[in-house]
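Chemist: Residue numbers (numbering that gives the first Met the number 0), protein chains in the order written: chain C, 0 to 264; chain B, 0 to 94; chain P, 0 to 311.
I'd like to ask some things about the structure below.
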Amino acid sequence: MSSSTPLLEYTLHLADDVLILGHRNSEWTGHGPILEQDIALSNIALDLIGQARNFYQYAAGLAGNDSGESIYPAGGGGVVTEDTLAFLRDGWDFRNSLLTEQTNGDWAKTILRQFFFSAFQVDLYEQLAVGRDTTLAAIGAKAYKEALYHLRWSSEWVIRLGDGTDESHQRMKKALEELWKFTGELYIPAPYERWAAEAEIGPDLSQLRVRWKERVKEVFDEAGLTYPVTEWMQTGGKEGRHTEQLGYVLAEMQFLQRAYPGCEW
Amino acid sequence: MAENQWPLWEIFIRSKQGLDHKHVGSLHAADAQMAIENARDVYTRRMEGVSIWVVESKYVHASNPDDAASFYDPASDKVYRHPTFYDLPDELKHM
Amino acid sequence: MSVQDLEKIFQDKIDADIRIEPKDWMPDAYRKTLVRQMSQHAHSEIVGMLPEANWITRAPTLRRKATLIAKVQDEAGHGLYLYAATETLGTGREELLDQLHTGKAKYSSIFNYPTLTWADMGAIGWLVDGAAIMNQVPLCRASYGPYARAMVRICKEESFHQRQGFEILLTLSKGSEAQRRMCQDAIDRWWWPSVMMFGPNDDASPHTAQSMQWKIKRFSNDELRQRFVDICAGQVKILGMTLPDPDLVWNEHRQHYDFGAINWDEFWSVIKGNGPCNKDRLEARVKAHEEGAWVREAALAHAEKMSRKRAS
Chain C
0 MSSSTPLLEY TLHLADDVLI LGHRNSEWTG HGPILEQDIA LSNIALDLIG
50 QARNFYQYAA GLAGNDSGES IYPAGGGGVV TEDTLAFLRD GWDFRNSLLT
100 EQTNGDWAKT ILRQFFFSAF QVDLYEQLAV GRDTTLAAIG AKAYKEALYH
150 LRWSSEWVIR LGDGTDESHQ RMKKALEELW KFTGELYIPA PYERWAAEAE
200 IGPDLSQLRV RWKERVKEVF DEAGLTYPVT EWMQTGGKEG RHTEQLGYVL
250 AEMQFLQRAY PGCEW
Chain B
0 MAENQWPLWE IFIRSKQGLD HKHVGSLHAA DAQMAIENAR DVYTRRMEGV
50 SIWVVESKYV HASNPDDAAS FYDPASDKVY RHPTFYDLPD ELKHM
Chain P
0 MSVQDLEKIF QDKIDADIRI EPKDWMPDAY RKTLVRQMSQ HAHSEIVGML
50 PEANWITRAP TLRRKATLIA KVQDEAGHGL YLYAATETLG TGREELLDQL
100 HTGKAKYSSI FNYPTLTWAD MGAIGWLVDG AAIMNQVPLC RASYGPYARA
150 MVRICKEESF HQRQGFEILL TLSKGSEAQR RMCQDAIDRW WWPSVMMFGP
200 NDDASPHTAQ SMQWKIKRFS NDELRQRFVD ICAGQVKILG MTLPDPDLVW
250 NEHRQHYDFG AINWDEFWSV IKGNGPCNKD RLEARVKAHE EGAWVREAAL
300 AHAEKMSRKR AS
């Protein structure tokens with residue numbers, strides 16, 4: 000039986016983050032505050048799901064490479080694919096950070112979640128793009144441009160809502176209270192992230208953290224929001240210990256593959 | 000117009016380098032920056048553009064259709080502005 | 000110039016296939032009919048996002064998920080193009096939405112039917128989009144310029160929608176027994192509502208003659224419906240499925256398919272609000288709009304603050 004390698008786990012982590020966040024964003028499709036922004040957020044969802052597919056396809060290759068059975072779920076013919084990885088793993092195998100699985104809440108919470116993540120993702124992908132793994136580097140280089148746009152779009156919205164009206168300001172503050180505790184995890188490396196940094200495949204997260212703080216502070220200043228003093232941060236998502244939210248995401252997302260196993264769709 | 004309606008913007012897209020910006024439609028946005036980004040998401044999803052102009056619709060001034068006769072008809076008898084007006088022998092090349 | 004003269008000039012232009020543009024003189028009734036027709040179409044695109052968005056989070060593969068999001072997103076775009084075209088006639092989007100939300104404006108009844116299984120994504124793409132395309136392609140030559148231009152853009156984008164739907168059904172039709180059952184069930188439920196999408200029979204459609212004269216409708220309901228039935232009757236064979244109409248039979252003499260009687264009672268009662276999902280669909284739209292109010296206000300407030308800042 001092939002065991003999981005740090006590279007595979009790292010790749011799955013990268014994939015899970017963007018699949019879960021993309022899935023969350025896509026819950027807005029058809030329900031956005033105005034048509035133009037419904038379209039904008041759907042675009043971001045599409046970018047993220049596209050990134051997830053690239054990472055999963057790479058992971059599927061890694062998982063299926065070894066002779067013998069993979070510990071990862073396979074579909075028809077025993078083949079591990081992007082879809083078996085996305086639709087047939089349970090929550091404890093998902094390596095996404097807790098931030099990405101949090102419920103959409105209102106537009107303020109969705110925006111802030113995207114902003115926190117994009118502010119992390121741009122630097123992550125920039126580093127990935129110059130890393131030693133050529134596949135991850137290629138995906139990172141392509142996705143970096145997307146992340147840059149997401150950061151721009153979400154930054155502008157954070158400023159708009161923070162600065163806009165009393166109500167929007169209050170909603171941003173509430174969103175900040177709800178989400179802040181999930182931001183620390185982005186920078187606390189899981190073992191496979193430490194491995195990736197050592198292998199010069201991925202970034203050293205502690206260095207990225209400084210840049211993230213600067214980015215967030217800069218936008219918060221313009222938005223009239225106070226950068227919180229760091230308190231207790233929730234962790235665990237990147238090692239499979241999630242909040243209750245993920246189970247519901249998976250129950251919905253994986254329903255068809257679970258109810259009708261082994262089918263082509 | 001309802002109070003909270005975002006203003007309307009006219010969108011012009013250059014489909015590739017070397018071509019003019021062309022009017023493609025309109026959309027709503029709170030400000031110019033957002034109008035450009037909305038145009039990016041609404042009108043260039045299929046690689047339709049490499050450059051975007053936005054103009055708030057209220058700033059577009061248009062000629063009046065009632066003036067069409069006096070505006071455009073006078074040009075119709077000035078055929079001498081077109082190269083084919085001139086009768087030249089076929090042997091004449093490079094002209 | 001007298002109104003009669005203006006009307007004559009207007010109709011002459013239309014007869015000569017010269018497009019009417021926003022600032023041109025047009026009869027009030029033409030303007031009113033266009034606003035109704037175009038906004039109804041826009042509303043249909045927007046409400047039509049809901050039954051499909053319903054399955055985005057349950058799409059069975061990542062590829063299906065992405066294409067479904069892209070498709071529903073296109074519908075938002077189409078609604079947007081049509082609202083924008085309608086706005087050139089002097090009615091703002093906010094007012095149009097208000098008409099939708101208060102039930103004054105209609106949208107296509109097809110979206111009041113539920114999406115119960117994944118196969119419905121296929122059936123909607125194949126049948127509902129198929130019927131819509133049949134209606135829409137002739138409108139690319141509609142007499143009102145902004146409308147025709149919006150329709151050109153829409154038709155260009157729609158072309159992937161129907162293929163996407165048919166591909167879903169084709170995959171199901173080659174799948175397990177449960178998948179084939181799902182496929183047939185979806186066709187059974189969506190067929191008649193799709194046939195009804197073309198509207199009442201010509202003899203019961205009072206606006207048709209005037210709209211044809213104005214070239215904002217280019218073929219009659221029954222002509223388009225016949226064309227739709229003929230095409231689908233052929234395509235369903237590729238799926239190895241059947242259309243739920245025992246009277247569907249090729250008529251050698253007419254060179255068309257004959258088909259069974261449409262249940263107009265159902266048609267009218269769904270229009271009147273008694274479809275399975277009328278209430279849910281409208282509520283979802285109203286909710287999105289109301290819950291978005293503070294967002295739109297905040298963006299406007301911020302934009303105003305910024306422009307004051309720049310001015311000072």
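For each residue, glycine too, the CB sits at the ideal point set by N, CA and C.
Keep in mind the model is a prediction, meaning the values are calculated, not measured.
What does Gly24/B reach in chain P if we use C-beta pairs closer than 9 Å?
Modeler: The sequence position of residue 24/B within the second sequence is 25, counting from 1. Going along chain P in sequence order, the residues near Gly24/B (Cβ under 9 Å) are Leu79, Tyr80, Ala83, Ala84, Pro145, Arg148, Ala149 and Arg152.
Chemist: Could one say the Cβ of Glu94/P lies closer than 8 Å to chain A's Cβ atoms, at least one of them?
Modeler: Here chain A cannot be found, since the structure's protein chains are C, B and P.
Chemist: Quick one: which residues of the region 18 to 38 of chain C get their C-beta closer than 8 Å to a C-beta of chain P? List them in chain order.
Modeler: Those would be Leu18, His22, Ser25, Glu26, Thr28, Gly29, His30, Gly31, Pro32, Ile33, Leu34, Glu35, Gln36, Asp37 and Ile38, in chain order.
Chemist: From the beta carbon of Glu36/B, is the nearest beta carbon of chain C less than 8 Å away?
Modeler: Residue mapping note: residue 36/B aligns to position 37 of the second sequence, counting from 1. Closer than 8 Å to some Cβ of chain C, the Cβ of Glu36/B qualifies, so yes.
Chemist: Taking C-beta to C-beta, are Met120/P and Leu33/P nearer than 8 Å?
Modeler: As a working note, residue 120/P is residue 121 in the third sequence. As a working note, residue 33/P is residue 34 in the third sequence. For Met120/P and Leu33/P, no; Cβs fall outside 8 Å.
Chemist: Looking at Trp213/P: is its Cβ nearer than 8 Å to the Cβ of Ile261/P?
Modeler: Indexing the third sequence from 1 puts residue 213/P at position 214. Indexing the third sequence from 1 puts residue 261/P at position 262. Cβ atoms of Trp213/P and Ile261/P: not closer than 8 Å.
Chemist: Which partner residues of Asn250/P appear in the DSSP bridge assignment?
Modeler: For the purposes of this step, residue 250/P is taken as the residue at position 251 of the third sequence. Answer is His255/P.
Chemist: Any chance the region 49 to 58 of chain C sits against the region 13 to 21 of chain C, with 3 or more Cβ pairs inside 8 Å?
Modeler: These segments touch.
Chemist: Comparing alpha-carbon positions, which option in Gln36/P, Ser38/P and Lys7/P lies nearest Trp24/P?
Modeler: What you label residue 24/P is simply residue 25 of the third sequence in a count that begins at 1. Residue Lys7/P is the option with its Cα nearest to Trp24/P.
Chemist: By the 7 Å beta-carbon criterion, what residues does the region 205 to 225 of chain C contribute toward chain P?
Modeler: Against chain P - using a Cβ distance shorter than 7 Å - the region 205 to 225 of chain C contributes no residues.
Chemist: By the criterion of Cβ-Cβ separation under 8 Å, what are the contact partners of Glu100/C in chain B?
Modeler: Residue mapping note: residue 100/C aligns to position 101 of the first sequence, counting from 1. Ordered by position in chain B, no residue passes the 8 Å Cβ test against Glu100/C, which lies about 25 Å from the chain.
Chemist: For a contact meaning CB atoms closer than 9 Å, what does Glu155/C contact in chain B?
Modeler: Here residue 155/C corresponds to residue number 156 of the first sequence, with the count starting at 1. Here the neighbours are Gln32, Met33 and Glu36.
Chemist: Could you give the DSSP three-state label for Gly24/B: helix, strand or coil?
Modeler: Locating residue 24/B in the second sequence gives position 25, where the first residue counts as 1. In the structure shown, Gly24/B sits in a strand (DSSP, three-state: E or B).
Chemist: Name, please, each residue of chain B whose Cβ falls closer than 8 Å to the Cβ of Trp106/C.
Modeler: By 1-based counting over the first sequence, the position of residue 106/C is 107. Result: empty, since nearest Cβ-Cβ is about 13 Å, beyond 8 Å.
Chemist: Three or more C-beta pairs under 8 Å: does that hold for the region 93 to 104 of chain C against the region 67 to 83 of chain P?
Modeler: Taking 8 Å as the limit for Cβ pairs, the verdict is that the region 67 to 83 of chain P does not touch the region 93 to 104 of chain C.
Chemist: If you measure from the beta carbon of Gly139/C to each beta carbon in chain P, is any gap under 8 Å?
Modeler: Position 140 of the first sequence holds residue 139/C. No, its Cβ sits nowhere closer than 8 Å to a Cβ of chain P.
Chemist: Quick check on this structure: which residue in Ala118/P, Thr60/P, Arg140/P and Lys105/P has the alpha carbon closest to the alpha carbon of Ile19/P?
Modeler: The residue you call residue 19/P lines up with position 20 of the third sequence. Selected option, being the one with the closest Cα: Arg140/P.
Chemist: When you compare only the Cα positions, how much space is there between Thr4/C and Lys304/P?
Modeler: Sequence index remark: in the first sequence, residue 4/C carries index 5 (1-based). Sequence index remark: in the third sequence, residue 304/P carries index 305 (1-based). Distance between the alpha carbons of Thr4/C and Lys304/P: 53 Å.
Chemist: Note down the Cα distance separating Asp187/P from Glu176/P, rounded to an integer number of angstroms.
Modeler: If you number the third sequence from 1, residue 187/P lands on position 188. If you number the third sequence from 1, residue 176/P lands on position 177. Answer to the nearest angstrom: the Cα atoms are 16 Å apart.
Chemist: Indicate whether Ala34/B and Val53/B have their beta-carbon atoms separated by less than 8 Å.
Modeler: Stepping through the second sequence from its first residue, residue 34/B is reached at position 35. Stepping through the second sequence from its first residue, residue 53/B is reached at position 54. Yes. Within cutoff.
Chemist: Can you tell me whether DSSP reads Arg13/B as helix, strand or coil?
Modeler: Locating residue 13/B in the second sequence gives position 14, counting from the first residue. In the structure shown, Arg13/B sits in a strand (DSSP, three-state: E or B).
Chemist: According to DSSP, is Leu7/B part of a helix, a strand, or is it coil?
Modeler: Here residue 7/B refers to the residue found at position 8 when the second sequence is read from its first residue. Of the three classes helix, strand and coil, the one that applies to Leu7/B here is strand, per DSSP.
Chemist: Report, in whole angstroms, the separation of the C-beta atoms of Tyr112/P and Pro275/P, which I expect to be a contact under 8 Å.
Modeler: Here residue 112/P is taken as the residue at index 113 of the third sequence, counted from 1. Here residue 275/P is taken as the residue at index 276 of the third sequence, counted from 1. Right, the Cβ-Cβ distance comes to about 6 Å (below 8 Å), so this counts as a contact.
Chemist: Alpha carbon to alpha carbon, how far is Ile110/C from His301/P?
Modeler: Taking the first residue of the first sequence as position 1, residue 110/C is located at position 111. Taking the first residue of the third sequence as position 1, residue 301/P is located at position 302. Each residue's alpha carbon lies about 16 Å from the other.
Chemist: Give the C-beta separation of Arg295/P and Trp5/B to the nearest angstrom, bearing in mind that I take them to be a contact with Cβ-Cβ under 8 Å.
Modeler: Here residue 295/P is taken as the residue at index 296 of the third sequence, counted from 1. Here residue 5/B is taken as the residue at index 6 of the second sequence, counted from 1. That pair is a contact at about 6 Å.
Chemist: Name the one or two DSSP bridge partners that Ser50/B has.
Modeler: Position 51 of the second sequence, counting from 1, holds the residue named residue 50/B. DSSP lists Arg13/B as partners of Ser50/B.
Chemist: From Ser25/B to Thr28/C, what does the alpha carbon distance come to, in whole angstroms?
Modeler: The residue you call residue 25/B lines up with position 26 of the second sequence. The residue you call residue 28/C lines up with position 29 of the first sequence. Using only the alpha carbons, I get a separation of about 21 Å.
Chemist: Would you say Arg295/P reaches chain B, if we count a Cβ-Cβ gap shorter than 8 Å as a contact?
Modeler: In the third sequence, counting from the first residue as 1, residue 295/P sits at position 296. It does: the Cβ of Arg295/P has a partner Cβ on chain B nearer than 8 Å.
Chemist: At a CB-CB cut-off below 7 Å, which residues of chain C make contact with Trp117/P?
Modeler: Here residue 117/P refers to the residue found at position 118 when the third sequence is read from its first residue. Chain C residues near Trp117/P: Leu255.
Chemist: Check the Cβ of His27/B against every Cβ in chain P and list those closer than 8 Å, keeping chain order.
Modeler: Working through the second sequence from its first residue, we reach residue 27/B at position 28. What His27/B touches in chain P: Arg92.
Chemist: Strictly below 9 Å CB to CB, what residues from chain B border Trp194/C?
Modeler: Translated into positions along the first sequence, residue 194/C becomes position 195. Ordered by position in chain B, no residue passes the 9 Å Cβ test against Trp194/C, which lies about 38 Å from the chain.
Chemist: For Ala149/P and Tyr256/P, which I take to be in contact (beta-carbon distance under 8 Å), what is that distance rounded to the nearest angstrom?
Modeler: Translated into the one-based positions of the third sequence, residue 149/P becomes position 150. Translated into the one-based positions of the third sequence, residue 256/P becomes position 257. Incorrect: roughly 32 Å between the Cβ atoms, too far for contact.
Chemist: Should Ile33/C be labelled buried (16 or more other beta-carbon atoms within 10 Å of its own) or exposed?
Modeler: For the purposes of this step, residue 33/C is taken as the residue at position 34 of the first sequence. Ile33/C should be labelled buried.
Chemist: Keeping to the same chain, check which residues put their C-beta closer than 6 Å to that of Tyr57/C; ignore five residues upstream and five downstream.
Modeler: Here the question's residue 57/C lines up with position 58 in the first sequence. These residues qualify, in order along the chain: Thr10 and Thr134.
Chemist: Over the uninterrupted alpha helix (DSSP H) stretch that includes Met232/C, give me the two end residues.
Modeler: The count along the first sequence starts at 1 and reaches residue 232/C at position 233. No alpha helix (DSSP H) holds Met232/C; DSSP gives it neither H nor E.
Chemist: Among Gly235/C, Ala196/C and Glu184/C, which has the Cα closest to the Cα of Trp211/C?
Modeler: Counted from its first residue, the first sequence places residue 211/C at position 212. Closest option to Trp211/C, Cα to Cα, is Glu184/C.
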